[in-house]
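Number of protein chains: 4
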Amino acid sequence: MLDAAFEEFAAHGYAGAKMTAVAQRAGVAKGLVYHYYPSKEALFRAVMQACLEPVFAEAEREATDEDVPATVMLERLLDLAYAEREGQERQCILFRLIVAEGQRFPELSAWYEEAVFRRAVAIARAVLRHGARRGEFDAALAEQEGMAEVLLAPAIMNEVWRMMLGEGRAPSRAGMHAAQAALLARALAPGGMDARGGGRDAGGKEGNAACPATRRATSAP
Amino acid sequence: MLDAAFEEFAAHGYAGAKMTAVAQRAGVAKGLVYHYYPSKEALFRAVMQACLEPVFAEAEREATDEDVPATVMLERLLDLAYAEREGQERQCILFRLIVAEGQRFPELSAWYEEAVFRRAVAIARAVLRHGARRGEFDAALAEQEGMAEVLLAPAIMNEVWRMMLGEGRAPSRAGMHAAQAALLARALAPGGMDARGGGRDAGGKEGNAACPATRRATSAP
Amino acid sequence: MLDAAFEEFAAHGYAGAKMTAVAQRAGVAKGLVYHYYPSKEALFRAVMQACLEPVFAEAEREATDEDVPATVMLERLLDLAYAEREGQERQCILFRLIVAEGQRFPELSAWYEEAVFRRAVAIARAVLRHGARRGEFDAALAEQEGMAEVLLAPAIMNEVWRMMLGEGRAPSRAGMHAAQAALLARALAPGGMDARGGGRDAGGKEGNAACPATRRATSAP
Amino acid sequence: MLDAAFEEFAAHGYAGAKMTAVAQRAGVAKGLVYHYYPSKEALFRAVMQACLEPVFAEAEREATDEDVPATVMLERLLDLAYAEREGQERQCILFRLIVAEGQRFPELSAWYEEAVFRRAVAIARAVLRHGARRGEFDAALAEQEGMAEVLLAPAIMNEVWRMMLGEGRAPSRAGMHAAQAALLARALAPGGMDARGGGRDAGGKEGNAACPATRRATSAP
DNA sequence: TATGAATGAGACTTCATTCAT
DNA sequence: GATGAATGAAGTCTCATTCAT
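Residue numbers (full-length UniProt numbering), protein chains in the order written: chain A, 1 to 221; chain B, 1 to 221; chain C, 1 to 221; chain D, 1 to 221.
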């Protein structure tokens, strides 16, 4: 029945979903839905909880194997992030519901933060720190605040775009995957800019980039 | 009146918005709303169109000044992307509405693609190409497919997280901004990895990174 | 279980009572209620019957002891009528249910007439006749049609007011009791008005009082 | 529309009344009822208020004409109380609704007290006091606490019985009217019991009647 | 006996939409 | 242009009743 409800909410959003349709999808009478869940809102919460529970349950058994080189761990992380996973559609729908109904159901945002965001950031950070300690990554860069989020963003955004634009018009997974891998390989490699030849305006770049300007603005999300 | 409608749709979504409330927000009678827009759906389309029009109109006067160094252009682009802009809340709401109602109103996705996505990618790509041509960026890397999207994703994702998690719990703009700036500075600087010491696993990294594995999956969006 | 049902009907009336609530009050499952009573209506009838049965059963062992002076019998009758009796709340609830549902369940009215009204009138009438025969009461007055009802009304009405207005705002039992006792003492005492001084307007009073006018009307129940 | 609602509530009680039926009785669409009254409860309150308003408004222009003998005033009061008045059915229904729903809507009881009970008692008390001052009534008796209520109760109870038992089985108005008139004529006439011949056990009667006993009780309302 | 899941008609209520003014 | 009374389809929710266990 929760599956039926999930499909209905996924298809029409919270306000657009009909309890009758939920019952029909589940093949039961309207009243039975109310026998188990006292209201539409309660049903929605139950559905969301059931969807997020497994994500909660899934442990952090990742990214803690000290013997693997950090470059391999990073590679695996990207593979994972860009992978076309089973159940991914469900997660995208979940994401959409959280975006759409997060204001009406604040616990959704909290759940997302706990179950997804914090966890993903923690994993990425662990990989970066691992590389920094083993000398595989430039320590200052890898452990910089915000680097884990920057690492994760492209793969997630790829999914968001895929959801918004449709499979056909979204950027390819492989393309972004390769581009980000190449970018990270060059950027994280130790030795830094002063070890290299040119580096002419390197300092200049880094200096003012860290100071987010607040000029008149325009484009964006 | 479109403003009133936008607020109502923003606050409750398409299905949850009430025509009466729109009229009240606008300070007019219900009938007058129908005098201008024949139906709720038409009103919604009009609101969305009105919101996206300025984004359309805003020209591409950026990123085409050939005399500016690419590093400066990139810096400006990041400044812009991470800036806390006036009207940003409105754009976030727009983003949310597009995510939430994109299925019901396919033109919303199309609009988003035309007005925002394509344009942003084009600008990022122009900056990268500019740097590649001037020798400021590693040409192979900067012109790699998907690099523009990787460049844009963190700033956009930062806004998405901010919208989903709230101002307090989202990653800081400044942190991600600085991290990404540092990352790009090291990665894009010409000279490449072969110029440096042990390029041992560089090829390996890039090689398999480009081939997105489909192993057991876990986290993600 | 009938107790539980009585409480539920008392609390919410017939239409407002829920079978589920009855079952819960009784501490049994809903199905069991239906095992004993085929429908809500049947349950209600059973409850009412069970409530009225003891009132039926309670004998007329009163008011028939010829050796007691009528004044004492009358006194006892008033004491009884104005007494704050155990189980009185239940009877008030019963009264309320009969008033409220008497139209839907005509047998309720019939029961009330048989079990309560007729019986009470008979008792009052017996006391009055007893006094008339013994010469304690003015015979013409005591045996007048309607006198028994007039005798009973104040005590009953006192309870009705108590039920409608609440304990705090209703007229006091003691006050009405004393007033009615004093009234009856003076009125019923034999000797009559012609024995006294100016019986000028006595006949006049009684004459037109027996002819209920139908003038413009105002207050009442 | 309030008329239609009154009829529906009168016919089925609060819980049994259907908004659809109200609309049909009024000859309008269901939605229009909600256009004026936000809920069933609000409609019920409005109906009750509208019914009680005129009773409120009706002034106390009665019982204050000092030139009329108190016996005539009393006679008029009884005529009025026992009269078969136009609109009486409506008042009986109102009475029934107040009894039935007084628990759910405490303001009903309050209204009844203000609009009906207090007023009626005040009028009766004024008549009694008038008679006492003019010497037409025995002052001690007429001004005794609770006498006004005892005076009013029979006529009201007559209506209550009529409502509960139906026109055919209830005691006749004329009979109770005449009996009460005769009773009052004898009781209230000044001169008192000590002025008369016998009066043997008069003192005894009054003494213990004023002390309501609390013995085991049985019958009543 | 005893349970409570299951049913579905029907209740209250909402709200997009119409239309006479 | 502007209003808001009026409509009625449709949604959420209730609850008497049934029935397999």
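Glycine residues also receive a C-beta, built at the ideal position from the N, C-alpha and C atoms.
Close to I98/A, with beta-carbon spacing below 8 Å, are these residues of chain B in chain order: M164. By the beta-carbon neighbour count (other beta carbons within 10 angstroms, threshold 16), G102/B is buried. Counting the other CB atoms within 10 Å of its CB gives A42/B a total below 16, which places it among the exposed residues.
By the neighbour-count definition (other C-beta atoms within 10 Å, threshold 16), A50/D is an exposed residue. Within 10 angstroms of the beta-carbon of R85/B lie 16 or more other beta-carbons, which makes it buried. The C-beta distance from A132/C to E143/C rounds to 5 Å, short enough to fall under 8 Å. Here A17/C carries a coil assignment [DSSP, helix/strand/coil]. Under the Cβ distance rule, M48/A does not count among the residues neighbouring chain B, no pair being separated by less than 8 Å.
With respect to chain C, the C-beta atom of R129/D has no partner C-beta closer than 8 Å. At least 8 Å separates the CB of Y37/A from every CB of chain B.
Proximity of A153/D to chain C, defined by a Cβ-Cβ separation below 8 Å, is satisfied.
DSSP places E149/B in the uninterrupted alpha helix (DSSP H) bounded by 147-165. Taking each of Y36/C, V160/C, A148/C, A83/C in turn and checking the Cα distance to C92/C, the smallest one comes out for V160/C.
Taking 8 Å as the cut-off, the Cβ atoms of A179/B and V150/A count as close. In this structure the stretch 23-42 of chain D does not lie against the stretch 18-26 of chain C, because fewer than three pairs of beta carbons, one per stretch, are closer than 8 Å. At least one CB atom of chain D sits nearer than 8 Å to the CB of V150/C. Classified as buried, L78/C has 16 or more neighbouring CB atoms from the shown chains inside 10 Å of its CB. Collapsing the DSSP output to three states places F137/B in coil. Residues of chain B with a Cβ closer than 9 Å to the Cβ of E145/A are, in chain order, P171, S172, A174, G175, M176, A178, A179. By the Cβ criterion, the stretch 110-118 of chain A is not in contact with the stretch 66-73 of chain A, since fewer than three pairs of Cβ atoms, one from each stretch, lie closer than 8 Å. Scanning its chain for C-beta atoms nearer than 8 Å, with the 5 sequence neighbours on each side dropped, one finds around M176/B the residues Y82, P154, A155, N158, in chain order.
The Cβ of G16/D sits closer than 8 Å to at least one Cβ of chain C.
Among the residues facing chain B, A42/A is not included, as its CB has no counterpart in that chain under 8 Å away. The beta carbons of M48/C and V99/D sit no closer together than 8 Å.
Cα atoms of P190/C and W111/C: separation of roughly 37 Å, rounded to the nearest angstrom.
Counting along the chain, the unbroken alpha helix (DSSP H) around G31/B starts and ends at 30-36. Separation of the CB atoms of L183/C and L152/D is rounded to 13 Å, and the pair is thereby denied contact status at 8 Å. CA-to-CA, the gap between R169/D and E75/C works out to about 28 Å. Closer than 8 Å to the CB of F117/B there is at least one CB belonging to chain A. Neighbours of G102/C across chain D, judged by C-beta separation under 7 Å: M164. R104/C sits close to Y14/C, with the two beta carbons spaced by under 8 Å. In the three-state reduction of the DSSP assignment, P54/C falls in the helix class, which pools H, G and I. Classified as buried, E8/A has 16 or more neighbouring CB atoms from the shown chains inside 10 Å of its CB. Judged by beta-carbon spacing, A139/D lies beyond the 8 Å limit of A124/D, meaning their Cβ atoms are not closer than that value. Within the stretch 103-114 of chain D, S109, Y112, E113 place their CB atoms closer than 7 Å to a CB of chain C, listed in sequence order.
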